[in-house]
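The sequence shown runs contiguously to residue 839 in our numbering.
Reviewing the structure listed below.
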Amino acid sequence: MDNQAHNAIVSFIWGIADDCLRDVYVRGKYRDVILPMTVIRRLDAMLEDTKPAVLEMKKKMDEAGITNQWPALCNAAGQAFCNASPFLLKDLTSRAKKQTLKVDFEAYLDGFSPNVQEILEKFKFRNQIDTMIDADILGAVIEKFISPTINLSPKPVYTDDTMSNIKLPALDNHGMGTVFEELVRRFNEANNEEAGEHWTPRDVVELMADLIFVPIADDIKDATYSCYDGACGTGGMLTVAQDRLLTLANRRSKNVSIHLFGQELQPETYAICKADMLLKGDGEQAEHIAYGSTLSADGNATRQFDFMLSNPPYGKSWKTDAEKMGGKKELLDSRFRVYLEDSTELAMIPRTSDGQLLFLLNNVSKMKNDTPLGSRIVEVHNGSSLFTGDAGSGESNARRYIIESDLVEAIIALPDRMFYNTPLNTYIWVLTNKKETRRKGKIQLIDATEMRTPLLKKLGDKSFELSSEMQKEIVGIYLAMEESEYSHIYDNNDFGFWKVNVIHPQYDEDGNVIKDKKGKPVIDKERVDSEIIPFSYAGGIDSYIEKEVHPYSPGAWVDEKKTRIGYEISFTKCFYKPEVVRPVSEVSSELLELENETRKLLDGILGGVSDETIS
Numbered sequence: 225m226d227n228q229a230h231n232a233i234v235s236f237i238w239g240i241a242d243d244c245l246r247d248v249y250v251r252g253k254y255r256d257v258i259l260p261m262t263v264i265r266r267l268d269a270m271l272e273d274t275k276p277a278v279l280e281m282k283k284k285m286d287e288a289g290i291t292n293q294w295p296a297l298c299n300a301a302g303q304a305f306c307n308a309s310p311f312l313l314k315d316l317t318s319r320a321k322k323q324t325l326k327v328d329f330e331a332y333l334d335g336f337s338p339n340v341q342e343i344l345e346k347f348k349f350r351n352q353i354d355t356m357i358d359a360d361i362l363g364a365v366i367e368k369f370i371s372p373t374i375n376l377s378p379k380p381v382y383t384d385d386t387m388s389n390i391k392l393p394a395l396d397n398h399g400m401g402t403v404f405e406e407l408v409r410r411f412n413e414a415n416n417e418e419a420g421e422h423w424t425p426r427d428v429v430e431l432m433a434d435l436i437f438v439p440i441a442d443d444i445k446d447a448t449y450s451c452y453d454g455a456c457g458t459g460g461m462l463t464v465a466q467d468r469l470l471t472l473a474n475r476r477s478k479n480v481s482i483h484l485f486g487q488e489l490q491p492e493t494y495a496i497c498k499a500d501m502l503l504k505g506d507g508e509q510a511e512h513i514a515y516g517s518t519l520s521a522d523g524n525a526t527r528q529f530d531f532m533l534s535n536p537p538y539g540k541s542w543k544t545d546a547e548k549m550g551g552k553k554e555l556l557d558s559r560f561r562v563y564l565e566d567s568t569e570l571a572m573i574p575r576t577s578d579g580q581l582l583f584l585l586n587n588v589s590k591m592k593n594d595t596p597l598g599s600r601i602v603e604v605h606n607g608s609s610l611f612t613g614d615a616g617s618g619e620s621n622a623r624r625y626i627i628e629s630d631l632v633e634a635i636i637a638l639p640d641r642m643f644y645n646t647p648l649n650t651y652i653w654v655l656t657n658k659k660e661t662r663r664k665g666k667i668q669l670i671d672a673t674e675m676r677t678p679l680l681k682k683l684g685d686k687s688f689e690l691s692s693e694m695q696k697e698i699v700g701i702y703l704a705m706e707e708s709e710y711s712h713i714y715d716n717n718d719f720g721f722w723k724v725n726v727i728h729p730q731y732d733e734d735g736n737v738i739k740d741k742k743g744k745p746v747i748d749k750e751r752v753d754s755e756i757i758p759f760s761y762a763g764g765i766d767s768y769i770e771k772e773v774h775p776y777s778p779g780a781w782v783d784e785k786k787t788r789i790g791y792e793i794s795f796t797k798c799f800y801k802p803e804v805v806r807p808v809s810e811v812s813s814e815l816l817e818l819e820n821e822t823r824k825l826l827d828g829i830l831g832g833v834s835d836e837t838i839s
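Next up, the structure:
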């Protein structure tokens, strides 16, 4: 099914809200009905053919007194879920009386297996039934969702019984996921909410999938791999990653399976993600989606993964998580506190106003070290992860840890206005613990800020997209790992620095150091300076002080107890292009020409009146 067909389905469902809910719900509450009903209708369509077999199996087990019926019923349904009620949605349209419809609809919902019940619970959908019954719109909503003009089934609808001409194409699981995502985006946009919290643009996801899999495509084996997203939203990133890995494996005649894992905090989004996994036919996959905060309630604390992709929330407070974890100062989670080789404790706790680096550290903690491929991480951040935080701060320490551990392969600067919820530039981080030889000790920075195609229609803050050709170009630059206009290669140490406090003594009128009775220099308390000294400075701190400080303050020294190590990455500095200054003679000549041209224009306006006459 193509995008046009997907958009037609989305528009139809979107229209149900306006047709049925307008006078009952405020616009911001439409989603409370439409999203769960979309899920329910998809489940219903997938269960329709096997409904008789399920009811027959239930009758036999009831007669046999079997209580744990769900495994057998799901097996009869041929899905990871089932509905044991005597109804399909289409059976409920004949209920004329409101109370009869309510009882039967609730019985229909109660008939779903426990894994679907959790989804309905997270949607809080049962809370809407009384409202719809009182307003007498439940029947109309059901009628709309089973309309013959829309197909949410994985099977096509034919024009007649000969099944020779397709009226409505089948909607596969990937297409259904696309419909979910687009509905969420539209609702968020209509309510002035942040669509980017739930949906990463598909063009960016495709680029991320290529960056994580293409570099190791030739090393894929006949094996089972795992893929994780700690901020999985509706699960779209996991789905694209799965498809990309399987495609690359098939091209190389490799027999590959992939297990998907994720975690999501927002209940509605979690419900959609879990439903999407169920609809793919794998109940185990659905159980791999954890509910809750990845930071304070890690649902995969003991697992490690081969591949990890994520677009974590950025510029968002994690204060609540910090409080649940014992407070920022008492936070002892080993994901965010590590010990260096010299036994120095490195606290990587950022300010509570922005926790995006914690998601990256969470992924790092789940890397595999005992496999040929190790683990690969691709994650999207805004610019603050690159430079926010002074030396010794949580943010700087996080950068220090992952850089000194030689995990960062590349960072790619994307164009601005690529995401729905921010007009600013975003950056893709590429990490691995199994670098190829040429990348060891190196970080590649790629400037892709000018690689963009304008959208015909702006979507939120998103005004541009990456065409497939641009995606391939970025991946090509990454794979080449060569110096160019868009690619620079740096040593890890190029991003590190010392921040030192320089103490100055007091000087007398002759420029001599004033000393106290014990012969120690008297400190000038009004002149304590901080100096940033790059790791790359020849000779280090001592050489810097000798060459850059002592010529102006010969008695100055460094307070070693206050020396801090910092790391920051500045794309502006790395890709700075100095403007060529024009020669003075050229500028003067141009000004003279402009002066003469102006005089000619004035003469034309004034009819050739002389300067003397004007004065």
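A virtual CB, placed ideally from N, CA and C, is assigned to each residue, including glycine.
Under the three-state DSSP convention, the category residue i falls into
i, result
"Ile-838", "Caution is warranted here: a pLDDT of 45 is assigned to Ile-838, below 50, making its placement in the model unreliable, and the coordinate value is therefore given only provisionally. In this structure, Ile-838 counts as helix in the three-state DSSP scheme."
"Gly-486", "strand"
"His-398", "helix"
"Gly-457", "coil"
"Pro-491", "helix"
"Pro-678", "strand"
"Thr-856", "This structure gives no information on residue 856, because the portion of the chain shown stretches from 225 to 839."
"Glu-272", "coil"
"Phe-799", "coil"
"Arg-788", "strand"
"Val-234", "helix"
"Glu-421", "Confidence at Glu-421 is low in this model, with a pLDDT of 49, below 50, so the placement of that residue is unreliable and no value is reported for it."
"Ile-513", "strand"
"Asp-753", "strand"
"Ser-450", "strand"
"Phe-404", "helix"
"Pro-439", "helix"
"Pro-758", "strand"
"Lys-314", "helix"
"Lys-504", "coil"
"Thr-673", "coil"
"Lys-824", "helix"
"Arg-806", "coil"
"His-240", "Going by the sequence as given, residue 240 is Ile instead of His. Looking at Ile-240 - three-state DSSP - the assignment turns out to be helix."
Cβ distance (whole Å) where residue i is taken to contact residue j below 8 angstroms
i, j, result
"Ile-444", "Leu-472", "6 angstroms"
"Tyr-538", "Gln-580", "4 angstroms"
"Val-726", "Asp-753", "5 angstroms"
"Ile-793", "Phe-560", "About 20 angstroms separates the two Cβ atoms, so there is no contact after all."
"Lys-590", "Phe-529", "5 angstroms"
"His-512", "Phe-531", "No, His-512 and Phe-531 are not in contact; Cβ-Cβ is about 14 angstroms, not under 8 angstroms."
"Tyr-449", "Val-480", "7 angstroms"
"Gly-598", "Asn-524", "About 18 angstroms; that fails the 8 angstroms criterion."
"Leu-690", "Met-705", "The pair is not a contact, with the Cβ atoms about 20 angstroms apart (cut-off 8 angstroms)."
"Ile-374", "Ile-233", "6 angstroms"
Bridge partner(s) assigned by DSSP for residue i
i, result
"Asn-307", "Phe-336"
"Pro-729", "Ile-747"
"Gly-289", "According to DSSP, which records beta bridges pairwise, Gly-289 is partnered with nothing at all."
"Cys-497", "According to DSSP, Cys-497 bridges with nothing at all."
"Ser-477", "Ser-477 pairs with nothing; no bridge assigned."
"Gly-534", "According to the sequence displayed, residue 534 carries Ser and not Gly. In DSSP, Ser-534 forms a bridge with Glu-603."
"Ile-390", "Tyr-382"
"Val-782", "Val-726"
"Phe-529", "Met-591"
task = Within the stretch 537–584, note down every full beta strand (DSSP E) run reaching 3 residues or more, in order along the chain.
result = 561–563, 569–571
query = Looking at C-beta atoms only, is the number of pairs between the stretch 636–651 and the stretch 601–617 that lie closer than 8 angstroms three or more?
reply = yes
query = What beta strand (DSSP E) runs, 3 residues minimum, are completely inside the stretch 587–671?
reply = 600–606, 632–637, 650–656, 666–671
inquiry  = Quick check: the stretch 239–254 against the stretch 319–334, are at least 3 beta-carbon pairs closer than 8 angstroms?
reply    = no
key: Contained alpha helix (DSSP H) runs [length at least 4] in the stretch 326–375, N- to C-terminal order   = 338–347, 353–358, 362–369
query = Which parts of the stretch 689–738 are runs of the beta strand (DSSP E), unbroken and 3 residues or longer, counting only runs that do not cross its ends?
reply = 711–715, 720–729
task = Check whether the stretch 660–679 touches the stretch 707–715, counting contact only when three or more Cβ pairs, one atom from each stretch, lie closer than 8 angstroms.
result = yes
ask   = Counting Cβ pairs closer than 8 angstroms, one from the stretch 348–358 and one from the stretch 366–380, do we hit at least three?
value = no
message = Does the structure place the stretch 502–518 close enough to the stretch 608–623 that three or more beta carbon pairs sit under 8 angstroms?
response = no
inquiry  = Is it the case that the stretch 392–408 contacts the stretch 283–302, given that we only count it when at least three CB pairs across the two stretches are under 8 angstroms?
reply    = no
key: Meets three-Cβ-pair contact criterion under 8 angstroms: the stretch 292–306 and the stretch 432–442   = no
request  = Spell out a yes or no on whether the stretch 623–634 and the stretch 726–743 are touching, meaning 3 or more CB-CB pairs, one atom from each, closer than 8 angstroms.
outcome  = no
inquiry  = Pairs of beta-carbons, one from the stretch 358–367 and one from the stretch 308–318, closer than 8 angstroms: are there three or more?
reply    = yes
message = For the stretch 741–749 against the stretch 797–816, do three or more pairs of beta-carbon atoms, one drawn from each stretch, fall closer than 8 angstroms, so that the two count as touching?
response = no
ask   = Are three or more beta carbon pairs between the stretch 755–770 and the stretch 570–584 nearer than 8 angstroms?
value = no
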